[in-house]
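*Asks:*
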Amino acid sequence: MLHIVNKSPLTSTTLESCLNTAAGGDLLLIEDAVYAATTGSAFEGKLKAAMGRLKVHVLMPDLEARGLADRMIEGISPVDYAGFVGLTVANKNCQSWL
Amino acid sequence: MSDVKKFMFVNRKAPYGTIYALESLEVVLITAAFDQDVSLAFMDDGVYQLKKGQQTKGIETKNFSPTYRALEDYDVEKLYVEKEAMEARGLSEEDFIVDVTVLSRAEMGAMMDEQDVVLSF
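Residue numbers (the working numbering), protein chains in the order written: chain A, 58 to 155; chain B, 214 to 334.
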């Protein structure tokens, strides 16, 4: 399934709840959740630990807006808006962690 | 002038995900027009507001980060960044679009304590 998160990992426990719950599948980071995809963040270790069981994607327009496109953690898959739609189509269901 | 007050704007939110960062900047510019003693504190995710290289074309939102560079023209020159927040986000002073003074949380708390008015964003 597809998990979508839009909150910053250092301000909200949303991403942590998602990572603690999600069994597998795809994780898409959008809006302020893209900060979790950056190197040097205090959340980097937790995200990397989850990358073994979840395929992590980041919405690039949101990462570019925040000036961090050059700091994406290796192994994360960059997607554009068409890629976002593609993920929703490819998965049988979706949870948005609001 | 005896009626000058010390105003501190406390910025704790990342830009774009919510409207707080932009709203704060608007009020800072208004306050500056009244010749007050204005300082800006960037704490928690607020430190992301000052990140260099923001490119907002893809999200079709105004990139307001260059406005921080214009603040000195309004005599707003006291920009404080929380050291712990900066480091937790993998950032350093070189990552910011403007020159800032980096303060520890304790120093920031003391600075906040000195203010006449604190506005929270």
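The beta-carbon is built from N, C-alpha and C at its ideal position, and this holds for glycine as well.
Residue 284(B) to residue 310(B), Cα distance in whole Å?
*Replies:* 12 Å
*Asks:* Count the CB pairs spanning the stretch 136-153 of chain A and the stretch 58-66 of chain A that are closer than 8 Å, and state whether there are at least three.
*Replies:* yes
*Asks:* Taking the alpha-carbon positions, what's the residue 109(A) to residue 224(B) distance?
*Replies:* 35 Å
*Asks:* In three-state DSSP terms, what is residue 71(A)?
*Replies:* helix
*Asks:* Nearest CA to the CA of residue 128(A): which residue from 304(B), 298(B), 278(B)?
*Replies:* Out of 304(B), 298(B), 278(B), 304(B) has the C-alpha closest to the C-alpha of residue 128(A).
*Asks:* What residues are listed by DSSP as bridge partners for residue 82(A)?
*Replies:* 111(A)
*Asks:* Can you tell me which of 287(B), 293(B), 307(B), 264(B) puts its alpha carbon nearest to the alpha carbon of residue 123(A)?
*Replies:* 264(B)
*Asks:* Return the CA-CA distance between residue 74(A) and residue 226(B), expressed in angstroms with no decimal places.
*Replies:* 21 Å
*Asks:* Using the three-state DSSP reduction, which class does residue 237(B) fall into: helix, strand or coil?
*Replies:* helix
*Asks:* Hey, residue 245(B) and residue 289(B): beta-carbon distance below 7 Å or not?
*Replies:* yes
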